[in-house]
Each structure stands twice: as C-alpha cells, then as structure tokens.
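Counting from 1 along the sequence shown, just add 400 to a position and that's the residue number in our numbering. Using N, Cα and C, we set each Cβ at its ideal position, and we do this for glycine too. Shown next, in structure tokens, is the structure this report addresses.
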Amino acid sequence: MRKIVIFTCCAFTAMSSLAIAKPPTVSAVNAVLSQRTPAARKAEISRQIEKACDISLSESDLSRASDMVETHRKKGAAWLAAQIKNSELSYVCG
Numbered sequence: 401m402r403k404i405v406i407f408t409c410c411a412f413t414a415m416s417s418l419a420i421a422k423p424p425t426v427s428a429v430n431a432v433l434s435q436r437t438p439a440a441r442k443a444e445i446s447r448q449i450e451k452a453c454d455i456s457l458s459e460s461d462l463s464r465a466s467d468m469v470e471t472h473r474k475k476g477a478a479w480l481a482a483q484i485k486n487s488e489l490s491y492v493c494g
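Given below as structure tokens:
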C-alpha cells in the first residue's frame, strides 16, 4: 500500500511539473493548431478565448488572430503563444 501512495504522489508531482512547463496559452494554441481547416482553426480560436476569458472577440480581432495563426502556424504553438502574449491581442483576457 505504501508503494502505491508513493507512486501516486510522484505521478501527481510529475503531472504538476508538466502543467507548469506548458502554460495554458500554449495549450490553447495547440487546440487551435490541431484543427484541419482555416475555418475550423478560426472557430477554435473563438472557443478558446470564450473558455479562457468568458468573452467573445470582435470580428476584427478574431480575423487578426486567425490571420496570425494561418501565417505562422508552422512555427509551432509556443512561438505563436509568445507572439500573441506580446501583441495587442494580449489585452483580450487582461
């Protein structure tokens, strides 16, 4: 029984470390990038913003975010998340 408790504690610590290493923004961008089409990615951007911030983006902000994703999606989720964080789009959840 003690081995199970120790294993569970170690597993929980490892999962917590992974969660800290991967910020929610990167997870949200990964969800967007996992969609197959530009329209699906745009819809996922909207869903992720609503989920994270409980707001809807204006059509112009949604289009701007979608354009950024489409232009740079091959650079990966971490790169895109950093760009969003450092852009005027960062105010959305602020």
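Do residue i and residue j have their CB atoms nearer than 9 Å?
i    : j    : result
I445 : S466 : yes
S458 : K442 : no
My output table needs one value for residue i: the three-state DSSP class, helix, strand or coil.
i    : result
I455 : coil
S487 : coil
T437 : coil
Just to confirm my understanding: we take residue i, look at its own chain, exclude 5 residues before and 5 after, and list those with CB closer than 6 Å. What are they?
i    : result
R481 : Going by the sequence as given, residue 481 is Ala instead of Arg. T425, V426, V429, listed in sequence order.
P438 : E470
Can you name, in chain order, every residue of its own chain whose Cβ lies under 7 Å from the Cβ of residue i, other than the five neighbours on each side?
i    : result
A431 : E444, Q448
A477 : V426, V429, N430, L433
Excluding five sequence neighbours on each side, which residues of the same chain lie with their C-beta closer than 8 Å to the C-beta of residue i?
i    : result
Q483 : M468, H472
S497 : Any answer about residue 497 is impossible in this case: the structure gives the chain only from 401 up to 494.
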